[in-house]
Amino acid sequence: MKTYTNVKDLGNLQDAIKEALEIKKNRYAYKNIGENKTLLMVFFNSSLRTRLSTQKAGMNLGMNTMVLDINQGAWKLETERGVIMDGDKPEHILEAIPVMGCYCDVIGVRAFANFESKEFDYQETIINQFIQYSGKPVFSMEAATGHPLQAFADLITIEEYKKTPRPKVVLTWAPHPRALPQAVPNSFADFMNEADVDFVITHPHGYELAEKFVRGAKVEYDQMKAFEGADFIYAKNWAAYQDPNYGKILSTDRSWTVSERQMAVTNNAHFMHCLPVRRNMIVTDEVIESPQSIVIPEAANREISAQVVIKRLLENL
Ligand code: CP
Numbered sequence: 000m001k002t003y004t005n006v007k008d009l010g011n012l013q014d015a016i017k018e019a020l021e022i023k024k025n026r027y028a029y030k031n032i033g034e035n036k037t038l039l040m041v042f043f044n045s046s047l048r049t050r051l052s053t054q055k056a057g058m059n060l061g062m063n064t065m066v067l068d069i070n071q072g073a074w075k076l077e078t079e080r081g082v083i084m085d086g087d088k089p090e091h092i093l094e095a096i097p098v099m100g101c102y103c104d105v106i107g108v109r110a111f112a113n114f115e116s117k118e119f120d121y122q123e124t125i126i127n128q129f130i131q132y133s134g135k136p137v138f139s140m141e142a143a144t145g146h147p148l149q150a151f152a153d154l155i156t157i158e159e160y161k162k163t164p165r166p167k168v169v170l171t172w173a174p175h176p177r178a179l180p181q182a183v184p185n186s187f188a189d190f191m192n193e194a195d196v197d198f199v200i201t202h203p204h205g206y207e208l209a210e211k212f213v214r215g216a217k218v219e220y221d222q223m224k225a226f227e228g229a230d231f232i233y234a235k236n237w238a239a240y241q242d243p244n245y246g247k248i249l250s251t252d253r254s255w256t257v258s259e260r261q262m263a264v265t266n267n268a269h270f271m272h273c274l275p276v277r278r279n280m281i282v283t284d285e286v287i288e289s290p291q292s293i294v295i296p297e298a299a300n301r302e303i304s305a306q307v308v309i310k311r312l313l314e315n316l
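When you line the sequence shown up against numbering that gives the first Met the number 0, it's residues 0 to 316, in that order.
Below, the structure is given as structure tokens:
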């Protein structure tokens, strides 16, 4: 593996899940593979889980780890070519990236969509610049349009908790006070479409995701109907993708908040969310605290998904 930005980079998904479950049984089995190798994690945005789990994964593999928060202590970076740099950004990303590449062996990048330009976001301008100019293997720690470490952890969690060979998995939109990127639902759909699951997406009209990620998935606009017989409910907010509303909030309808009312029509479904989650906007206290909620083991699997990806990048150095 040379880069990790989407499900295809993992190759055979069943092999990837098997490798993840083996690593989970003995996460120090490959502690020599990263000896004298350095992992650099570059954050343009905040994080709790990604920061800790990815650093832990690197340490499990024997790596030295460094974290750079671009907006806290580093020079502010200009990201577009052709700009006259007479503003508040003293360094261009096209110098900064190859310099970062000099100090490490593998680079993780977190750079969210900023909703200023759909083209800039959906071309994955920032992470692609790292891939092009760093000279090092690059993996996404959530980019503008995808969060593949999260989706891989989600898939591992579903594999661990499923009670039927082909479970029904429902991705549901839920309300949120801020405009959030589509990265998590995009990658979740990307993975579920490749996995052996019955996958359904439900959201209000206007929240249709990009066709590239939805592919053949069933889209059901009636949330209660979508939840019927579900084995897993995956809740997430996202802002509108479709033009002319890209990046806008179209609804804050709290009847979409996942509560016991909707969970009652499922097949005693497990509740999932990538976290951080806003309680009583996305999900009620009762549902997230219920025995069917698996948000903590889901977060724990972030260490495992990161470890598989970093291990594969190290093996290809
Ligand atoms: N789920 C996730 O990526 O969490 P953080 O934003 O805290 O890293």
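Quick reminder that beta carbons are idealized off the backbone N, C-alpha and C, glycines included. Quantities reported herein were computed from a predicted structural model and do not represent experimental measurements.
Beta carbon of residue i nearer than 9 Å to that of residue j
i: Pro203; j: Trp255; result: yes
i: Tyr233; j: Val168; result: yes
i: Ala209; j: Tyr121; result: yes
i: Leu67; j: Met40; result: yes
i: Glu297; j: Met271; result: yes
i: Lys135; j: Ile106; result: yes
i: Ser186; j: Ala150; result: yes
i: Leu320; j: Glu193; result: Outside the modelled stretch of the chain, which goes from 0 to 316, sits residue 320, for which no answer is possible.
i: Ala229; j: Asn266; result: yes
i: His175; j: Ile92; result: no
i: Ser139; j: Ile126; result: yes
i: Leu274; j: Arg48; result: yes
i: Phe111; j: Ala182; result: yes
i: Pro147; j: Tyr3; result: yes
i: Phe42; j: Arg50; result: yes
i: Lys310; j: Ile32; result: yes
i: Ser46; j: Glu141; result: yes
i: His269; j: Phe231; result: yes
i: Ala173; j: Val282; result: yes
i: Lys235; j: Pro184; result: yes
Where residue i sits in the DSSP three-state scheme
i: Arg301; result: helix
i: Asp189; result: helix
i: Arg277; result: coil
i: Pro292; result: The amino acid at residue 292 is misidentified as Pro; the sequence shows Ser. Strand at Ser292.
i: Asp284; result: helix
i: Leu313; result: helix
i: Met262; result: helix
i: Val66; result: strand
i: Val82; result: coil
i: Gly57; result: helix
i: Gln306; result: helix
i: Pro184; result: helix
One or two residues paired with residue i in a DSSP bridge
i: Gly145; result: Gly145 pairs with nothing; no bridge assigned.
i: Met271; result: Tyr233
i: Thr2; result: Val137
i: Val257; result: Val282
i: Leu76; result: Glu90
Residue i CB to nearest heavy atom of ligand 3 below 8 Å
i: Ala173; result: With respect to small molecules bound, the structure shown includes ligand 1 and not ligand 3.
Any chain D beta carbon closer than 9 Å to residue i
i: Asn185; result: Structure shown: chain D not included; a single protein chain is present.
- Task: For the region 194 to 244, list the beta strand (DSSP E) runs that are entirely contained and at least 3 residues long, ordered along the chain.
- Result: 197 to 201, 231 to 235
- Please list the segments of the alpha helix (DSSP H) lying wholly inside the region 8 to 54, counting only runs of 4 or more residues, in order along the chain. 12 to 24
- Message: Which residues neighbour ligand 1 when neighbourhood means a C-beta less than 5 Å away from any of its non-hydrogen atoms? List them by chain order.
- Response: Ser46, Leu47, Arg48, Thr49, Cys273
- Message: At 3 residues or longer, what runs of the beta strand (DSSP E) sit wholly inside the region 91 to 178?
- Response: 105 to 109, 137 to 139, 167 to 172
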